[in-house]
Amino acid sequence: MNIKNRLFQFLLIFSIIGLSNSPVMAQSGGRFFPETNHWVEEPFLSFYQNTPSAEYIFGYPITDAHETSWATVQYFQNVRLEIDPEGKVIISPLGDLFYEPDAGIISNQGKSSNSNCQKEFGWEFLICFEFLDFFNTQGGENIFGKPISALEYNNEILVQNFINARFEWLPNQTDGHRVSLSNLGTMFLSAIGENQDNEIISNENSSDVVEELNIWGVVSKLVTSKDDLQTLTVYVRDQNNKPVKNVNLFVNIFYFNNSDNPQQTAPVFTNSNGLAKIDFPVLENTIGEVQMIIVGNYKVITQSTRSSFYIWY
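Shown next as structure tokens:
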């Protein structure tokens, strides 16, 4: 074999080895993850690649993107991404869906920010110490949402819950690696009976009868001004995490200095995606927290939940 042929073979082998250690990109712009044998394609790919440390924060994909009865979604180890009705990619609130408020609370961490803790307007709970460092360096509220619990024990692990995630404290790890994220994407996928090949596992005993309403609301502005216009987006799903259509919703709004006389919104109904938007004027001229009780009625079922925002200027 002459020198030219040997050189060609060496370069060919070197190229193959080099390619095997790089992400595989589809001609259409998708990316294949050999770690889990799944593709990520647009628009999820841009969202993923534009998020710093995405492989650490989101994990690897555990399904391909697929249609559900309410949205296009894709599951990752730690999160679920979905396309909202306006066509934007958002992070699903799996932390909120998984959180059980009766877990073992060990600390309320005080009531105000200090050198070790942080509490922003619209937050009920503080974030402290290494959880705070992780929160601020890995995307903050845009990625994780606001905290929805204090420090708690979950299966003997110290955790703090956020709308989109759950932080875990691993004291035996080295500095900088003691905060980890729960695999909420994997856990939720298992909980709803959907496997990692996108096939819905049938259940002969399952029923389309709505037995339970799960309601949560998200305001467009966590901090607003006096005489502003606020928008509350409400999501309603049943006991099987399916969207519920035609749920009658209204909101009682309790202002800081007028809690005995709440403002009540006009009734609205959820659409086929289990979603409704409620616009209302901010009436109170006093700076402070505004509490909202969201009430949903469906046939003989009534359920409520809470949300809040701040009037600041």
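To convert, count from 1 in the sequence shown and add 59; that's the working numbering. C-beta: ideal position from N, C-alpha, C; glycine also.
Where the beta strand (DSSP E) through residue i begins and ends
i, result
"T290", "L288 to R296"
"T361", "I360 to I370"
"F92", "R90 to F92"
"F103", "Here F103 belongs to no beta strand (DSSP E); instead the alpha helix (DSSP H) covers F103 to Q108."
"T131", "T131 to Y134"
"I142", "R139 to I142"
"S239", "V238 to L240"
"F226", "R225 to W228"
"G199", "From DSSP, G199 is part of no beta strand (DSSP E) but of the alpha helix (DSSP H) over G199 to F203."
"Q232", "Neither: Q232 is in no beta strand (DSSP E) and is coded neither H nor E."
"E348", "G347 to Y357"
"V277", "N273 to V278"
"W98", "H97 to V99"
"L375", "Within the shown structure, residues of the chain are numbered from 60 to 372, placing residue 375 beyond reach of any answer."
"E183", "Here E183 belongs to no beta strand (DSSP E), and DSSP marks it neither H nor E."
"E211", "L210 to N213"
"V218", "I216 to N220"
"I150", "V148 to I150"
CA-to-CA distance, residue j to residue i, given in whole angstroms
i, j, result
"F180", "T95", "39 Å"
"N332", "L153", "17 Å"
"P206", "W275", "15 Å"
"F339", "T324", "7 Å"
"S208", "D155", "10 Å"
"P160", "E211", "10 Å"
"L248", "P120", "12 Å"
"V306", "Q298", "14 Å"
"D256", "Y294", "Confidence at D256 is low in this model, with a pLDDT of 49, below 50, so its placement is unreliable and no value can be given for it."
"N220", "W228", "12 Å"
"K336", "Y357", "17 Å"
"Q177", "G235", "19 Å"
"G347", "V278", "16 Å"
"G198", "P111", "8 Å"
"F135", "F92", "11 Å"
"E100", "A224", "23 Å"
"K280", "A124", "30 Å"
"I202", "Q322", "32 Å"
"M351", "L191", "27 Å"
"N416", "N137", "Within the shown structure, residues of the chain are numbered from 60 to 372, placing residue 416 beyond reach of any answer."
"S363", "G88", "43 Å"
"T233", "E126", "41 Å"
"R3", "F313", "Residue numbering for the chain in the displayed model covers 60 to 372; residue 3 lies beyond these limits and cannot be assessed."
"T329", "N175", "42 Å"
"Y158", "S366", "15 Å"
"F103", "P144", "15 Å"
"Y107", "I142", "13 Å"
"A162", "F226", "Residue confidence for A162 is low, a pLDDT of 49 falling below 50, so the modelled location carries little weight; the figure read from the coordinates is stated next. Approximately 15 Å between the Cα atoms of the pair."
"W371", "N231", "42 Å"
"N167", "V341", "Its pLDDT being 49, under 50, N167 is placed unreliably by the model, and the measurement read from it follows with that caveat. Straight-line Cα distance between these residues: approximately 30 Å."
Residue range of the unbroken alpha helix (DSSP H) whose run includes residue i
i, result
"N195", "F188 to T196"
"L156", "L153 to F157"
"L248", "L243 to A250"
"I116", "A113 to I116"
Presumed contact (8 Å Cβ cut-off) between residue i and residue j, rounded CB distance
i, j, result
"L272", "V303", "6 Å"
"F309", "V354", "6 Å"
"N300", "I251", "5 Å"
"F315", "V282", "Not quite, the Cβ-Cβ distance comes to about 14 Å (not below 8 Å), so this is no contact."
Proximity test, residue i beta-carbon vs the ligand GTP heavy atom, cut-off 6 Å
i, result
"S151", "In terms of ligand content, the structure shown is empty, and the ligand GTP therefore cannot be addressed."
Beta strand (DSSP E) runs contained entirely in the region 306-341, provided each spans 3 or more residues: 307-314, 317-323 and 334-340
Are at least three pairs of beta-carbons, each pair with one atom in the region 273-288 and one in the region 111-123, less than 8 Å apart? The region 273-288, when compared against the region 111-123, does not touch it at the 8 Å Cβ threshold.
When you compare the region 127-145 with the region 176-191, are there three or more beta-carbon pairs, one atom per stretch, that lie closer than 8 Å? no
Determine contact between the region 133-153 and the region 239-248, defined as no fewer than three beta-carbon pairs at a distance below 8 Å. yes
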